[in-house]
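Sequence positions in the sequence shown follow full-length UniProt numbering and run 1 to 155. Glycine included, each C-beta is placed from N, C-alpha and C at the ideal position. Quick caveat: nothing in here was measured; it's all calculated off a predicted structure. To start, the structure under review is shown below, and the notes come after it.
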Amino acid sequence: MVMSAIQQLLRKVQWGPLDYLVVDMPPGTGDTQLSVSQNIHVDGAIIVTTPQDIALLDARKGAEMFSKVNTPVLGIVQNMSVFICPKCSHTEDIFGNNGAERLSSELGIPLLADIPINKSIRQCADLGTPIVVEHPNSTTTELYYSLAKSVKDCL
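Rendered as structure tokens:
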């Protein structure tokens, strides 16, 4: 079913002229990643992980798989890097700390962004409105714009 959806996405959608097409895929090194990298020209992959050891193992496998199929890994994004208390700004490393930074260093792949846990991200996603639209002047929006610029600079 997933493969059928990917084929439909890649072959049957009339995208028109695109500057970029971002495909969000499940973690790991499964058929989805292989199918995408074998069926279309991919300029680069971005590995998104959380700081947990198990997530970092998947991220490493994903980066290695893309490397084997000659898809450049542009960088790593660490999601849910820290929780920042909305009342006092205290930070807490709920899922561990610096996992993506270590992975970045070990693999020689740049760390593009550290995105903290933020309730507003989820709330905006649930409403179907990007946080960069709903909260254009927020720190989180600045992080996303910085990430977008970093990706663009890599291409």
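At 4 residues or longer, what runs of the alpha helix (DSSP H) sit wholly inside the segment 124-154? 131-134, 139-154
On the three-pair Cβ rule with 8 Å, is the segment 62-70 touching the segment 142-151? no
Residues in the same chain with beta-carbon distance under 7 Å from CYS154, minus the five sequence neighbours each way, listed in chain order, please. Excluding positions up to five away in sequence, the list reads GLY44, LEU74, GLY75.
By the three-class DSSP mapping on this structure, what secondary structure does residue 165 have? Only positions 1 to 155 of the chain appear in the structure, and residue 165 is not among them; the question remains open.
Is it the case that the segment 108-125 contacts the segment 35-44, given that we only count it when at least three CB pairs across the two stretches are under 8 Å? Taking a contact to require three or more Cβ pairs closer than 8 Å, the segment 35-44 and the segment 108-125 do not qualify as touching.
By the three-class DSSP mapping on this structure, what secondary structure does MET80 have? strand
From the DSSP output, in three-state form, read off ASP31 for me. Correct three-state label for ASP31: helix.
Should the segment 96-107 be called in touch with the segment 50-64, which here means at least 3 C-beta pairs below 8 Å? Yes, they touch.
What residue range is occupied by the uninterrupted beta strand (DSSP E) comprising VAL48? 45-49
Which first and last residues belong to the beta strand (DSSP E) in which ILE117 is found? 111-117
Among VAL22, THR32, ILE109, whose alpha-carbon lies nearest the alpha-carbon of VAL2? THR32
Got a sec? Which residues, its chain only, sit under 6 Å from SER150 by beta carbon, not counting five neighbours each side? LEU112
Counting C-beta neighbours from all protein chains within 10 Å, is the total for ALA63 16 or more, i.e. buried, or is it exposed? buried
Taking the beta carbon of SER81 as the centre, do at least 16 other beta carbons fall within 10 Å, making it buried, or is it exposed? buried
Helix or strand or just coil, what does DSSP make of LEU74? strand
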